[in-house]
Amino acid sequence: FHLFRATPTGMWLVDELHDLFGISEKLNGASGQAIYDAINAKLGTPEFGPRRMFERFNVEALTTTDPATSTLAEHKAIRESGWGGRILPTFRPDAVVNIDMDGWRQEIDRLSQVSGVTVRDYPSFIQALEQRRAFFKAMGATATDHAALTAHTQILNGREAATIFQRALAGKTTGDDARRFTGHLLVEMARMSSEDGLVMQLHIGSYRNHNPEIYRRFGRDMGADIPVAAEFTRSLKPLLDRFGNAPNLTLILFNLDETTYGRELAPLAGHYPALRLGPPWWFFDSLNGIRHFFDKVMETAGIYNTVGFNDDTRAFPSIPTRHELWRRAACDWVAGLVVQGIVDEEDASAMAHALAYGLAKKAYRL
Amino acid sequence: FHLFRATPTGMWLVDELHDLFGISEKLNGASGQAIYDAINAKLGTPEFGPRRMFERFNVEALTTTDPATSTLAEHKAIRESGWGGRILPTFRPDAVVNIDMDGWRQEIDRLSQVSGVTVRDYPSFIQALEQRRAFFKAMGATATDHAALTAHTQILNGREAATIFQRALAGKTTGDDARRFTGHLLVEMARMSSEDGLVMQLHIGSYRNHNPEIYRRFGRDMGADIPVAAEFTRSLKPLLDRFGNAPNLTLILFNLDETTYGRELAPLAGHYPALRLGPPWWFFDSLNGIRHFFDKVMETAGIYNTVGFNDDTRAFPSIPTRHELWRRAACDWVAGLVVQGIVDEEDASAMAHALAYGLAKKAYRL
Amino acid sequence: FHLFRATPTGMWLVDELHDLFGISEKLNGASGQAIYDAINAKLGTPEFGPRRMFERFNVEALTTTDPATSTLAEHKAIRESGWGGRILPTFRPDAVVNIDMDGWRQEIDRLSQVSGVTVRDYPSFIQALEQRRAFFKAMGATATDHAALTAHTQILNGREAATIFQRALAGKTTGDDARRFTGHLLVEMARMSSEDGLVMQLHIGSYRNHNPEIYRRFGRDMGADIPVAAEFTRSLKPLLDRFGNAPNLTLILFNLDETTYGRELAPLAGHYPALRLGPPWWFFDSLNGIRHFFDKVMETAGIYNTVGFNDDTRAFPSIPTRHELWRRAACDWVAGLVVQGIVDEEDASAMAHALAYGLAKKAYRL
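Residue numbers (this note's numbering), protein chains in the order written: chain E, 2 to 367; chain G, 2 to 367; chain Z, 2 to 367.
Structure follows, in structure tokens:
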């Protein structure tokens, strides 16, 4: 456990052990087994069932991310169970949008199946996506989520888009096809969001499956993803030219390159009505990561162009801890402004509430 | 007004209202109209006339930036008015140098007119520019100012420069012409500065008119400019190879990419005798922007390769506030060095004075 | 001396004067000559002989960097002198690896000479390098050191490598040959290190001999080197694909672009077992440079993927000062963690010792 000293994982674990499981003994080789046993025992009690934890954590809304081809069966089951917890799906179409992903062709078949629209060309593909979005929205979704290596966007004319899509269907994509098609689809998704009102989230800059040995042995998305430098000013321009001023669009940006915070993201979010900045993500969802975010973003963007906090943890019991870390760092930052005479206590109080609660609720239309 | 919480605009406004207009009531929806009326009334009194403010602000020298084609009529008028305030022009030839700017051809005609040199080819263009520089210098200018998207410089031979210029005159620029010509002209401007002693300023990295809707409705330079990443080590090399060690040249660099501060700018300014670093500009002319500058630049460059503070505000009453912000941040930084035992109080006092006054006066040859 | 205010050079000098030479008078124009004389006199005494200083500094091991063609005669002489100080060579093959360096052809001849392997093609070149590594290792070396402008790596097949090498021998390298060959050799060096256990160091991102006037007058490596932006995620992938998980390899990365700390280096070092991060280098071996390193690297990498401190000073008396600066900055950082409740005092104490001593000793297999 000494390897986790001063890391966010270390902080989260200590906090979870203490606040959630009531364990204040220090975790190390000697205490490990006993602590494991204690946690295991607690997890077996009703008090630590998922729904009970959800209620104890005082969660207002929790969202999953689901492929475009999902039937959202679990969401249906929860609804029909009569339980009152608010669990919402999020539309994440990466597997059908990125034509160079393993298994794309099969995903397209599945898309035809679940949407009832036989995807045989570009127009039917778009139609199927629109069908899925409507279905997700009916199931309570308020947002979509998109991942791409870069923020590249571009607008293909109908013929170009159709040709690339046909090549992909035939398994004959060439050269730059995937990058161009993804860039085009992001603009299409912004168009759909400006129409159906689903909040669009964009996660940029993760080089997926960097370690081939891990990929061979364990498959996709096993933690071997490494950030790359990002660019937004030029890359997002085609999308922003069309939809940057669209009144019904909210586009929330996430990325893994802190140098873009002050240089590109804050000026863009300060300028374009449709843009908002998501909180630090992944490696940067940490104490220093949050501090850098406040330091580099807020002066130029203002807090009201950010969306408070959310995270994409896979560890359910870490939810309170992660939000707690954000709230403490946010209040620490606001308190610093008060001490320096930059805002008064009245404003500080409003800002703290917005950062902890109001901004997220408003941005995600919850 | 809550949108400005913790932003520089918020800080400036509060400070101006208090120090300049004597208003300490908090600005918000309720108080807005009354405060507006109070300011308006004051602005109508002689005490708030521009010359009276200039004197109250204790401004030693104020400079405008003027196109190469300007007759500097207002500067003549001020001189002839007998008023003692020192208002100086600055030579800014972007509109005649950047062959891809809207209206470039007309600017060239205007250049012929005001310079008395008929610009019909590259040599006469250079001759006209030299005439204008001499004129600006005679009118009191001590500096020039140049804006470019990147810091790209290169040296074209006479034939290449002439050919590109002819293409531009004929309205037939191709491919990379504009970028190459601007890069070449920057080296030419450095040559002229090394001869006539005008301090050369270079502002890099602003993607102009990013929002096409704003451009369509309101035109150029309406606030829709977004930073891009910058590069200096390779880009400036052609210019520095020729003039980096030139004894009579001062070249002051400004840019909008903080990552270049410690990586490129401070090492370059520490090395080349002709180079100096300008203070944080635009989005970064802010409390945190200034702090980052001190944090990343000063160890490597030393403060004596920087030029103190200046800003390009369009809001006359904001001048004292902006300088005050710089001075406070500078003194805060120097005080921190004293507390940590890095400099003693004697040195600190000299550094504070240099940062607030001496460096700017010396760098701009005022 | 006022030009050094708040720079690392200023801090080092004051500290050396005080701690090493017992001089507490302030250095300036008036005191300079007397201080110079005092130092000079002390340097003439036995107490200030190099071996005596080595012992007084309590140095456990000091390493030199030596070209692949070195006979390590001085190292032999030290060994044979019977003195107990541990001075070790480090294998630095840049001059025979970078086929575009001035004098490369002569270096290859020298390599044939000292290795006893006549280098006439690519396989004999590799064989000669392996001979030299074995010799260095026998002479006590535990590490190699490599410098490159970028972190580009790639794997050439045998035929490609052989062809490029033949072109280089014939003085006919073309286009991208040098960059590709260096990228390939870095992977080869990782292979050799994974076999012979020499720790591999990689220094990236210095644009050498930037000022042609300095180069003309004084030659290579005279301080006119300027950093450039670096990239690792994509560039190191070919090397890491092969050796990132190799159990016997330690690859230590140094670079001059702080933006890669949190974005690329820390995630890579956190992921790949073979990777470690070297301390801040060159311009960044400074108080703020060290602080940025702790701030950006440690949360994600954890301190146990870093290697403590080393520096490449050419000024022997500066060694204690530079290590002292690192230790103070490290302890300042750890103390901050304690104050914030992130680690407890027991962990802090272990971390401080590791950062000051244990990590370096372990990483370099000393």
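Every residue, glycine too, gets a C-beta built ideally from N, C-alpha and C.
What residue from Met223(E), Ile100(E), Gln128(E) and Glu61(E) has the CA that sits closest to glutamine 167(E)'s CA?
-> Ile100(E)
Presumed contact (8 Å Cβ cut-off) between aspartate 258(E) and arginine 264(Z), rounded CB distance | 5 Å
Minimum length 4: unbroken alpha helix (DSSP H) runs contained in the stretch 225 to 256 of chain G = Counting only runs of 4 or more, we get 238 to 244.
Cα-Cα, which of Arg329(Z), Arg217(Z), Ser116(Z) and Gly83(Z) is closest to methionine 12(Z)?
-> Arg329(Z)
Span of the beta strand (DSSP E) around aspartate 146(E) = 144 to 149
Cross-chain neighbours of glutamate 26(Z) in chain G, by beta carbon under 9 Å = Within chain G, no residue comes near glutamate 26(Z); the closest Cβ sits about 12 Å away, beyond 9 Å.
Beta-carbon proximity list for leucine 73(Z), same chain, < 8 Å, skipping 5 on both sides = Here the set comprises Asp67, Pro90, Phe136, Phe137 and Met140.
Could you list which residues in chain Z have their beta carbon closer than 9 Å to that of alanine 351(G), in chain order?
-> His3 and Arg6
If contact means a Cβ-Cβ distance below 9 Å, which residues of the stretch 250 to 265 of chain Z contact chain G?
-> Leu257, Asp258, Glu259 and Thr260
Going along chain E, which residues have a C-beta under 8 Å from isoleucine 227(Z)?
-> For isoleucine 227(Z), there are no neighbours in chain E by C-beta distance under 8 Å, as the nearest C-beta there is about 19 Å away.
Within the stretch 297 to 349 of chain E, note down every full alpha helix (DSSP H) run reaching 4 residues or more, in order along the chain.
-> 320 to 340
Mind reading off the beta-carbon distance from arginine 209(Z) to aspartate 226(Z)? Whole number of angstroms is fine, and I expect it under 8 Å.
-> Contact check for arginine 209(Z) and aspartate 226(Z): beta-carbon distance about 5 Å, within the 8 Å limit, so the pair qualifies.
Check proline 274(E) in the structure and name its three-state DSSP category.
-> Note: proline 274(E) maps to coil in three-state DSSP.
Name, please, each residue of chain E whose Cβ falls closer than 8 Å to the Cβ of threonine 234(Z).
-> Tyr208, His211, Ile227, Pro228 and Val229
Using a Cβ-Cβ cut-off of 9 Å, state whether leucine 288(E) counts as contacting chain Z.
-> yes
Partners in chain G for methionine 370(Z), counting only beta-carbon separations shorter than 8 Å | The first residue shown for chain Z is 2 and the last is 367, placing residue 370(Z) beyond what the model contains.
At 9 Å on the CB atoms, spell out the chain Z contacts of phenylalanine 284(E), in chain order.
-> Gly263, Arg264, Ala267, Pro268, Gly271, Glu300 and Thr301
Under a CB-based cut-off of 9 Å, is glutamate 189(Z) close to chain G?
-> no
Cβ-Cβ distance between threonine 151(G) and serine 71(G) below 9 Å | no
Residue closest to proline 94(E), alpha-carbon to alpha-carbon, out of Ile40(E), Gly337(E), Phe2(E) and Met201(E) | Met201(E)
Three-state class that DSSP yields for serine 207(G) in the structure shown | strand
Residues within the stretch 82 to 105 of chain E neighbouring chain Z, beta-carbon criterion of under 9 Å = none
For histidine 324(Z), collect the residues of the same chain with a Cβ closer than 7 Å to its Cβ; drop the 5 residues on either side in sequence, then sort them by chain order.
-> Phe310
At a Cβ threshold of 9 Å, is glycine 309(G) touching chain Z?
-> Under the 9 Å criterion on CB atoms, glycine 309(G) is classed as non-interfacial with respect to chain Z.
Looking only at DSSP bridge pairs, what is isoleucine 88(E) linked to?
-> Leu63(E)
From the beta carbon of glycine 184(Z), is the nearest beta carbon of chain G less than 9 Å away?
-> Chain G, which has no Cβ nearer than 9 Å to the Cβ of glycine 184(Z), makes this no.
Rounded separation between glutamate 131(Z) and arginine 192(Z) - CA only = 11 Å
Could you tell me which of Leu266(Z), Pro51(Z) and Gly104(Z) sits nearest to isoleucine 88(Z), measuring between CA atoms?
-> Pro51(Z)
Any C-beta of chain E sitting closer than 9 Å to the C-beta of proline 47(G)?
-> No, no contact with chain E.
Would you say isoleucine 291(E) faces chain G, with C-beta separation under 9 Å as the test?
-> no
Label histidine 185(G) either buried or exposed according to how many other C-beta atoms from any shown protein chain fall within 10 Å of its C-beta, with 16 as the threshold for buried.
-> Result: buried.
Report the neighbours of proline 9(G) on chain E: residues whose CB is nearer than 7 Å to its CB, in chain order.
-> Glu300
Return yes when the Cβ of glycine 279(E) is within less than 9 Å of the Cβ of leucine 250(E), no when it is not.
-> no
Report all residues from its chain with a CB closer than 6 Å to the CB of asparagine 256(E); omit the five preceding and five following residues, and keep chain order.
-> Taken in chain order, the residues that qualify are Ile205, Gly206 and Ala231.
Report yes if the C-beta distance between alanine 361(E) and valine 298(E) is below 9 Å; otherwise report no.
-> The answer is no: Cβ separation not under 9 Å.
Would you decide whether proline 9(Z) is buried or exposed? Buried here means 16 or more other CB atoms lie within 10 Å of its CB.
-> buried
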